[in-house]
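Below: one structure, written as structure tokens.
2 protein chains.
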Amino acid sequence: MAIHPVIMCGGAGTRLWPVSNQACPKQFHRLVSDKSVFQETVLRFHGQPGFHPQPVIISNAAYAGLIEDQLAAIGVTPGAILLEPEGRNTAAVAAVAARHLAAMDETALGLLVPSDHFIGRPDAFIDAVREAASAAADGYIATFGIAPGRPETGFGYIQAGERLAGRLQRVAAFKEKPDAATAAGYLASGRYSWNAGIFLFRPETMLTELGHYAPGVLDGASRALAAARTVGARIFLDPAAFAATPSISIDYAVMEHTAHAAVLAPLDCAWNDIGTWTAVAAVSARTATPAPVEIDSSGCLVHVPEGLLVALVGVEDLIVAADGNRLLITRKDRAQDVGAVVKALKDSGRKDWL
Amino acid sequence: MAIHPVIMCGGAGTRLWPVSNQACPKQFHRLVSDKSVFQETVLRFHGQPGFHPQPVIISNAAYAGLIEDQLAAIGVTPGAILLEPEGRNTAAVAAVAARHLAAMDETALGLLVPSDHFIGRPDAFIDAVREAASAAADGYIATFGIAPGRPETGFGYIQAGERLAGRLQRVAAFKEKPDAATAAGYLASGRYSWNAGIFLFRPETMLTELGHYAPGVLDGASRALAAARTVGARIFLDPAAFAATPSISIDYAVMEHTAHAAVLAPLDCAWNDIGTWTAVAAVSARTATPAPVEIDSSGCLVHVPEGLLVALVGVEDLIVAADGNRLLITRKDRAQDVGAVVKALKDSGRKDWL
Chain Z
1 MAIHPVIMCG GAGTRLWPVS NQACPKQFHR LVSDKSVFQE TVLRFHGQPG FHPQPVIISN
61 AAYAGLIEDQ LAAIGVTPGA ILLEPEGRNT AAVAAVAARH LAAMDETALG LLVPSDHFIG
121 RPDAFIDAVR EAASAAADGY IATFGIAPGR PETGFGYIQA GERLAGRLQR VAAFKEKPDA
181 ATAAGYLASG RYSWNAGIFL FRPETMLTEL GHYAPGVLDG ASRALAAART VGARIFLDPA
241 AFAATPSISI DYAVMEHTAH AAVLAPLDCA WNDIGTWTAV AAVSARTATP APVEIDSSGC
301 LVHVPEGLLV ALVGVEDLIV AADGNRLLIT RKDRAQDVGA VVKALKDSGR KDWL
Chain G
355 MAIHPVIMCG GAGTRLWPVS NQACPKQFHR LVSDKSVFQE TVLRFHGQPG FHPQPVIISN
415 AAYAGLIEDQ LAAIGVTPGA ILLEPEGRNT AAVAAVAARH LAAMDETALG LLVPSDHFIG
475 RPDAFIDAVR EAASAAADGY IATFGIAPGR PETGFGYIQA GERLAGRLQR VAAFKEKPDA
535 ATAAGYLASG RYSWNAGIFL FRPETMLTEL GHYAPGVLDG ASRALAAART VGARIFLDPA
595 AFAATPSISI DYAVMEHTAH AAVLAPLDCA WNDIGTWTAV AAVSARTATP APVEIDSSGC
655 LVHVPEGLLV ALVGVEDLIV AADGNRLLIT RKDRAQDVGA VVKALKDSGR KDWL
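Protein chains in written order, with my numbering: chain Z, 1 to 354; chain G, 355 to 708.
If you want it as structure tokens, here you go:
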């Protein structure tokens, strides 16, 4: 009963502009180490006993070349590269992945994971996935609840219910991003954890639940896969069928409704969504080359192409990020607003800079 | 009795790093308009009745090509380009200039001016030079006292004495950069003005005063010019003779001692020494192309090469200056410390970045 990593890498993180951009989004960049975040995600599972050595990749067709190049660079052969003509949210992704896995290996477990997160203690994470495998085999869709380190208002939460075994518990409720007071209450109660957006399941379980709660998604995704065009490892989903598939998250479509949701919590694996430059700054082991010159400056993140010398004089807690002919300067406490730059560029028709 | 502009452009302003650098210092950059500061200085006099149409340029030999290119671009032919093998301060410059002019035109007046200052009201400046010409013809070395707009501690001051005529007064004293309390007293008294480092004189007057108060400078500079090598408009001062010339400012060498110092004050011509990025920000009419994207940001100066898009999120009063593979970020109230970057690079042997 191998666990098949299904790595989602079709998104574009606008809050990490300009490094993350349409041509090469966040996950394909060396944000925190000398490998890309996508490569780090793939290698997290590669060679681990119990995990299938050929991951399934699901992404936008625009990134097929990037994906193949980055996999080749780390010596990993994909099981398949499922390519969406456009993003239709995570329920469609889960449906395509479950359909693909079910056809490939009836005994498989699918592990649906984002490719753009940092995990500082990968062994703890792998152990948790293994622990959750029995529940998944028993027909649960297992989620992973990150031990909350602070009353964060930027994440969704999972409320744990009845204990199943070990750290596995039924899900009492999924909670959307809370306000500060609610988040503080969640933290104090000990019953809530951060929703990392990771799912472990038998393909049949996922297909059945989608059939109950999101039949339109299941139908559209199934037809898009059935009519797909295959070129080597690339599986191009049928554009017409996929366009007709409802765009909805797997949380809204299935997880908030199913009686088969479990959560493994607390998971303490130094998880970080690296969703903003401030989050990147917190975990990056990358250093700019040449080293910046800092005069009376501290706490700044400098993420610029090699060969650009940055000098900082009398500044604190700034983010300096550059890529090609684009340069961002912001404060660490404003990094969540970088998406506004992308919006402003879009709104003013300056699409070449996205 | 033509006034011959003698434009000094051999210096390098390290506080405007990285745009101002060894290869191309401050005065040769388009800091405040679509012309370089040097070009603006040349054009300030060009075509003005009473001013010789062919300025004398005095600079470091390293910048001969830059000077010729920038003069050609504005259609100005130099009278001479006097080239120093190394900088020996302003007394040597004044001596070379006076010696050169005396040989060229006995009736000339020499107007020794820095090339790296901004003058917002050039007509007011030209009028002041014309007004000072009679005093210069009478044997004074006329200086120009800028009406002080604030108790600035970064400039030297000129204390006015007995009135000669109009705005022309004898100099009572030259004062070095004062502390804040002293500067406030200067401002309140109405007798002090900023020393702009501009001098108008008959060449014979300057040579006579140098002979009295700085005979070593006069001797070294005279021999460097006598032994100079001429190639077209370029006059290369003799390296050995020039190296033996004492390095001292014209203020210390002559102005503080001579009985023939006059000051035209107050001169109100929107003068700015553009010595720091903050000063540049105050007068620049230059806009970055493409226009920066500013989200909740204000008061920032963006001085970067054309084609670099800068986005600012939640920052105020920053200086962002880039040139080639170098980027500076500082605050407006720390701009006077940018020279520390150049010093740090020198001290760590990273001379390629200067």
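Don't be surprised by glycine CBs; every beta carbon is placed ideally from N, CA and C.
Per DSSP, the continuous alpha helix (DSSP H) segment holding E563 (chain G) begins and ends at 557–567.
For K529 (chain G), the secondary structure class from DSSP, reduced to helix, strand or coil, is strand. Considering only beta carbons, the part of the stretch 301–315 of chain Z lying closer than 7 Å to chain G consists of G307, L308, L309, V310, A311, L312, V313, G314, V315, in chain order. Taking a contact as a CB-CB distance under 8 Å, the pair T599 (chain G) and V617 (chain G) does not count as one, their CB atoms being some 27 Å apart. Contact annotation: A501 (chain G) and L463 (chain G) have beta-carbon atoms that are not nearer than 8 Å. In the three-state reduction of the DSSP assignment, E516 (chain G) falls in the strand class.
By the 16-neighbour rule on beta-carbons within 10 angstroms, E106 (chain Z) is exposed. The continuous alpha helix (DSSP H) containing V637 (chain G) extends over residues 631–637. If you keep only unbroken alpha helix (DSSP H) runs of at least 4 residues inside the stretch 600–667 of chain G, you get 631–637. For the pair R334 (chain Z) and I649 (chain G), the Cα-to-Cα distance works out to about 10 Å. DSSP places S488 (chain G) in the uninterrupted alpha helix (DSSP H) bounded by 476–491. Residues of the stretch 323–335 of chain Z with a C-beta atom less than 7 Å from some C-beta of chain G are N325, R326, L327, L328, I329, T330, R331, R334, listed in chain order. Between V96 (chain Z) and L112 (chain Z), the CB-CB gap reaches or exceeds 8 Å.
Collapsing the DSSP output to three states places E670 (chain G) in a strand. Per DSSP, L436 (chain G) is one residue of the beta strand (DSSP E) stretching across 434–438. Following the DSSP letters along the chain, one finds M355 (chain G) in no alpha helix (DSSP H), marked with neither H nor E.
Interface flag for V341 (chain Z) against chain G is set, since a Cβ pair is found closer than 8 Å. Within the same chain, and ignoring the five residues on either side of F382 (chain G) in sequence, the residues whose Cβ sits closer than 6 Å to its Cβ are S390, F392, L420. In the structure shown, A582 (chain G) adopts coil according to DSSP, grouped into three states.
Taking 8 Å as the cut-off between beta carbons, none of the residues of the stretch 567–579 of chain G comes near chain Z. Counting C-beta atoms within 10 angstroms of its own C-beta, H657 (chain G) has 16 or more neighbours from the protein chains shown and is therefore classed as buried. With 16 or more other Cβ atoms from the protein chains shown falling within 10 Å of its own Cβ, P203 (chain Z) counts as buried. In the three-state reduction of the DSSP assignment, N414 (chain G) falls in the strand class. In the DSSP assignment, V342 (chain Z) falls within the unbroken alpha helix (DSSP H) covering 339–347. The DSSP assignment places complete beta strand (DSSP E) segments of no fewer than 3 residues inside the stretch 376–424 of chain G at 410–414, in order along the chain. Of all residues in the stretch 268–281 of chain Z, none comes within less than 7 Å of chain G when Cβ atoms are compared. In this structure, V56 (chain Z) lies near V6 (chain Z), with their beta-carbon atoms less than 8 Å apart. Interface with chain Z (8 Å Cβ-Cβ cutoff): V483 (chain G) is excluded. Setting aside the 5 residues that flank it on each side, H614 (chain G) is surrounded in the same chain by G493, Y494, I495, T559, E563, each with a C-beta closer than 8 Å to its C-beta; the list follows chain order. Assigned with DSSP and collapsed to three states, A184 (chain Z) falls in helix. L16 (chain Z) is outside the set of residues whose beta carbon lies under 8 Å from a beta carbon in chain G.
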